[in-house]
Every structure is written in C-alpha cells, then in structure tokens.
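Notes follow the structure.
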Amino acid sequence: MKILVVGGGGREHALCYYIAKSPRCEKLYCTQGNAGMAETATMLPIAVNDVDGIVAACKQHKINFVVIGPDAQLEQGLADALNAENIACFGPSRAAAEIEWSKGFMKDLCARAGVDTAAYRRFTDAESARAYVQAQGAPIVVKADGLAAGKGVTVARTIDDAIAAIDAAMVDNAFGASGAEIVVEEFMEGEEVSFFVLCDGKTAKFFTTAQDHKAVFDGDTGPNTGGMGAYSPAPVIDDALRDKIMREIVDPVVAALRDGGRPFRGILYAGLMMTKTGPRVVEFNARFGDPETQIMLPRLKSDILDLLYACATGTLDKTAIEWRDVAALTVVLATKGYPGDYGKGSVIRGIERAEALRDVIVFHAGTKRDAAGELTANGGRVLCVTATAPTIAEAQKRAYEAVDLIDWPEGFCRRDIGWRAVKRAGAA
Ligand code: AMP
Ligand code: GLY
Numbered sequence: 412m413k414i415l416v417v418g419g420g421g422r423e424h425a426l427c428y429y430i431a432k433s434p435r436c437e438k439l440y441c442t443q444g445n446a447g448m449a450e451t452a453t454m455l456p457i458a459v460n461d462v463d464g465i466v467a468a469c470k471q472h473k474i475n476f477v478v479i480g481p482d483a484q485l486e487q488g489l490a491d492a493l494n495a496e497n498i499a500c501f502g503p504s505r506a507a508a509e510i511e512w513s514k515g516f517m518k519d520l521c522a523r524a525g526v527d528t529a530a531y532r533r534f535t536d537a538e539s540a541r542a543y544v545q546a547q548g549a550p551i552v553v554k555a556d557g558l559a560a561g562k563g564v565t566v567a568r569t570i571d572d573a574i575a576a577i578d579a580a581m582v583d584n585a586f587g588a589s590g591a592e593i594v595v596e597e598f599m600e601g602e603e604v605s606f607f608v609l610c611d612g613k614t615a616k617f618f619t620t621a622q623d624h625k626a627v628f629d630g631d632t633g634p635n636t637g638g639m640g641a642y643s644p645a646p647v648i649d650d651a652l653r654d655k656i657m658r659e660i661v662d663p664v665v666a667a668l669r670d671g672g673r674p675f676r677g678i679l680y681a682g683l684m685m686t687k688t689g690p691r692v693v694e695f696n697a698r699f700g701d702p703e704t705q706i707m708l709p710r711l712k713s714d715i716l717d718l719l720y721a722c723a724t725g726t727l728d729k730t731a732i733e734w735r736d737v738a739a740l741t742v743v744l745a746t747k748g749y750p751g752d753y754g755k756g757s758v759i760r761g762i763e764r765a766e767a768l769r770d771v772i773v774f775h776a777g778t779k780r781d782a783a784g785e786l787t788a789n790g791g792r793v794l795c796v797t798a799t800a801p802t803i804a805e806a807q808k809r810a811y812e813a814v815d816l817i818d819w820p821e822g823f824c825r826r827d828i829g830w831r832a833v834k835r836a837g838a839a
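Letter by letter, the sequence shown follows residues 412 to 839 in our numbering.
Below, the structure is given as structure tokens:
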C-alpha cells in the first residue's frame, strides 16, 4: 500500500513511526509536518487543510490509503472528498465527525440514545444563557459549540466566571464562529478517563484506555493545554467497567450515528468522568488523541496499518486487536511560555542519548531542522518522551531518565506525569 498520513504533530509522528514498520507499507507520505516525520515519511509540500491538494497528490502518487490525524480536517470533509474519488481513508465523514465538532449535536445524540451525560441546554443568544446560569448556579460548565483548539471549555466555579465565559464566546467572539452557539452543562465530579474504540461503520471494538494531564503545571495546576503527558492503560478501568462502558455508552452512540445515516469509520475517543454514580460522557472526539497515540501505539502488538485499513474497509470483525503486556507513559516537553506566548528556533540536543535507553522513543511534535541541520523547537508542544515498561511506575521512571538526557534549556515539562496511577498502585 502507498499511504498518506495527514497532520503534522506528535500523534502523526507516532502513526508514521508504526505504519512504516508494517510489511504492507510500500511507501509512506505525509503532509507538511515535523522533523521526526521527515525521517520516516516522504514529506509532500501540501498544507494540512488543502483538501484539493491532498486529493490531487493521492492521484499523482497513486496513494491508496489516507490516515487523517486532526479533527479540523474531519470537519472540513476530507474523508468525504477522498471517498468520492474511491480512495480508502481512516477517519469519519464530516457528518459522523459532527459528534466532535458540535457539542450540541453530541449532547442531543446522547440524549436520544439514552446515554448518561451532564444535563445541558443549547443557546444561540447570550441573554438566555446568562439567565439560565443565574437560575442554575455554580459550579457550571460553559462550552463553545464548535472546535476551539481545546480552549472552548470553561469550568466555572462562580456565576460571574460562567457569565464571563458566555460573553467571551458570544459577545467578544473569542472562538469565532465556533462560539456563536454554546452549551451550558452540569458540572460533573470525578476522575477522567479516555476510552478508545475502533469502528468500521458496522462493528465497534474496544481499543484501549488512557489518562492525560491537561493542566500545564505539576499537581494539575495552571491553565489547560493540549496535554502535558499521558499514560496507558488507565488503571481505573477494569474488565467489568470496560464492558459496561461499551454496553451503556459506546454501542448506543455508534448505533445512533449509524441509524441517523452517519456510520462512523475511524477511532471514537470518549472522554468519560468516573462519577460516584458511574461513568458519564464528558465529550466525544472522532480521532486519535494527542499525546494519547504516542502511548497507545507502543503497547500494540497487532499491525496498526491492518487495523486502520480494516476500519476503512468494513472488515474490523475479522481483525484481532492484540496488546503487549506493558504500560506506556509519555512526558511532553514544551517551549517555556506555552500555552501562552513562546519563542521558536531554540536548539535541542541529546535525543539520540535519550533514545539509546531501553524501550524509550522520542516522538516529535513541533520540531524543525534549521539550515545547519540542527533540531530546533517550532511550536508549543515540542517532544513526547515515551517509555514502555511492565508497570506505569517503571515507565514513569524510565521516561524521566530519558527526559534528563535531553539538552534543551528553553524547554520545560511536568515532573509528575502519571502521579494518579502511581499513587493507586502504591496504595494497592
Ligand atoms: P472537553 O473539551 O469537553 O473535553 O472539556 C475539556 C475539559 O473540561 C475536560 O477534559 C474536563 O476536564 C472539563 N469538563 C468538561 N465538561 C465538564 C463537566 N460537565 N464537568 C466537569 N468538567 C468538565
Ligand atoms: N489529549 C487530548 C486530545 O487529543 O483531545
């Protein structure tokens, strides 16, 4: 197969890294991306959002399978454009991906399917949203309806914070068109888990679980980011809970999409809150997580390309998903200043030393080679230092040993990735 991976972050580096290992991968291409991807794939000079350019490149290079990483390209309808040209593609149609790109759609779908999620109301005017918040009280959660690069959600501790969030989205247009409509919902308390399921439009198969750390600083403090680290599997999900989540959340949602004429082909990523009354839906994503991909794929024993292709072609029922008996943990190295303003172009050294450690891989996110061939930082999240080991505690130790071999004064990371899982194991 000739394959194209769309997207340019850490998730896409991990996808390229493992797809390239598959015996069925004859030639691997990517859209514009990072320096790590450039080592495993032929980088085409196409912007990630250039749908026509991607379709044209597939024809030119006889690419017969496309793997879509980012959410924005699903909303753009890239899968539809490829399928219209009979090019197989991993990633749902624009209509099926609406479960991610419209929170209001997702909430209505859950309500119709009888799936437990926070009580909510949708609003298209600020006045009624403010009145609702006044009536409900705090804490309460305000969400821009559309995609907002992970910044569209405010967990408001006070009514004033909630009203400020409503005004930011609907009056000041902080998220552009994505905030013209909002969802206001009940605050849920508990431990969060990411739950991943592969789907081919007919069959849905449990993939695995992960937990991430969204806050920028140790102790889960500071502003939210795209994710400062993650580990897999999530110790809080045992087999019984997994089956319950498949039965009560995933299967009804997948069926509701299919029955609504939107069969889901790709990976369904449920964000769940483990509350006192059981698992409840926080959100759905229609794609792989970042940095969750960087810890799920190193655990996988099966050929990832076989699985992705089975999702695209409706043969998932005949394809087994097998795992190595290991845990994985990744620590994100980010440029100082992230998630606020940060500089670009600082030089990073020592990745080879880190990767010389056993069972360590350094996935690139925002990196670029400069004119002299030096590796430089080119984004907020820059590297994902990943280790596998028999336990999460050992993977954590190994990942930080690797982090300490990387020489990059302009970067920083959290020092406590995995604390919840390590504490749980210590208490057991
Ligand atoms: P989302 O983009 O919907 O995943 O929201 C981002 C983050 O906000 C989630 O990972 C949660 O930590 C938090 N969050 C979202 N909705 C709720 C809710 N209803 N109750 C509590 N926290 C929430
Ligand atoms: N790590 C969160 C996400 O990919 O949405």
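C-beta: ideal position from N, C-alpha, C; glycine also. Since the structure is predicted, the reported quantities are computational estimates derived from the model, not experimental observations.
(request) Assign I582 to one of two classes, buried (16 or more other C-beta atoms within 10 Å of its C-beta) or exposed (fewer than that). (result) As written in the sequence, residue 582 is Val, which differs from the Ile given in the question. So V582 ends up on the exposed side.
(message) In chain order, what are the residue ranges of uninterrupted alpha helix (DSSP H) at least 4 long that sit wholly in the stretch 514-596?
(response) Taking only runs of at least 4 residues, the alpha helix (DSSP H) segments lying wholly in the stretch 514-596 are 514-524, 537-547 and 570-581.
(request) Measure the Cβ-Cβ separation of L727 and V478 and say whether it is below 8 Å. (result) no
(request) Could you spell out where the beta strand (DSSP E) holding I678 opens and where it closes? (result) R676 to T686
(request) Would you check if there are 3 or more beta carbon pairs closer than 8 Å linking the stretch 611-628 to the stretch 768-780? (result) no
(request) Rank D519, A788, A540 and G420 by C-alpha distance to the C-alpha of Y753 and give the top, closest one. (result) A788
(request) Over the uninterrupted beta strand (DSSP E) stretch that includes I479, give me the two end residues. (result) F476 to I479
(message) Can you tell me which residues form a DSSP beta bridge with E603?
(response) M684
(request) Using 7 Å as the cut-off, classify the Cβ of K554 as near or not near the heavy atoms of the ligand AMP, replying yes or no. (result) yes
(request) Can you check DSSP and say which residues form a bridge with Q622? (result) Y642
(message) Measuring only the C-alpha atoms, how far is R568 from V594?
(response) R568 and V594 have their C-alpha atoms spaced approximately 16 Å apart.
(request) Consult DSSP for W819 and reduce its assignment to one of helix, strand or coil. (result) coil
(request) Work out the CA separation of R691 and P709 for me, nearest whole Å. (result) Here the C-alpha atom of P709 lies approximately 28 Å from the C-alpha atom of R691.
(message) Here's a check: name, in chain order, each residue in its chain whose Cβ is nearer than 6 Å to the Cβ of G633, leaving out the five neighbours to either side.
(response) Answer for G633: A626 and V627, listed in chain order.
(message) Quick check: T746 and V796, are their CB atoms within less than 8 Å of each other?
(response) no
(request) Confirm, please, whether the CB-CB distance from G751 to R669 is below 8 Å. (result) With respect to G751, R669 sits apart: the two C-beta atoms are not nearer than 8 Å.
(request) Please name the residue in D714, F699, R769 and E763 whose C-alpha comes closest to that of P503. (result) F699
(message) By the DSSP assignment, the beta strand (DSSP E) with N635 in it spans what residues?
(response) T632 to N635
(message) Going by beta-carbon coordinates alone, are E437 and K413 separated by less than 8 Å?
(response) yes
(message) Between N460 and the ligand SAH, is there a pair consisting of the residue's CB and a ligand heavy atom that are separated by less than 7 Å?
(response) The ligand SAH is absent from the structure shown, which contains only the ligand AMP and the ligand GLY.
(request) Count the other C-beta atoms from every protein chain shown that fall within 10 angstroms of the C-beta of R825, then say buried if there are 16 or more, exposed otherwise. (result) buried
(message) Quick test of the definition: if touching needs 3 or more C-beta pairs under 8 Å, does the stretch 544-554 touch the stretch 596-603?
(response) With contact defined as three or more Cβ pairs closer than 8 Å, the stretch 544-554 and the stretch 596-603 are in contact.
(request) Kindly confirm or deny that the stretch 490-499 and the stretch 439-455 touch, where touching means at least three C-beta pairs closer than 8 Å. (result) no
(request) Taking all protein chains shown into account, decide if D556 is buried (16 or more other Cβ within 10 angstroms of its Cβ) or exposed. (result) buried
(message) Using a Cβ-based criterion (distance less than 7 Å to any ligand heavy atom), does D701 qualify as near the ligand GLY?
(response) Yes, the beta carbon of D701 sits closer than 7 Å to at least one heavy atom of the ligand GLY.
(message) Let me check you understand the geometry: is the CB of K625 closer than 7 Å to at least one non-hydrogen atom of the ligand AMP?
(response) yes
(message) According to DSSP, is T797 part of a helix, a strand, or is it coil?
(response) Annotated three-state conformation of T797 is strand, per DSSP.
(request) State the Cα-Cα distance for the pair K729 and A530, rounded to the nearest angstrom. (result) 38 Å
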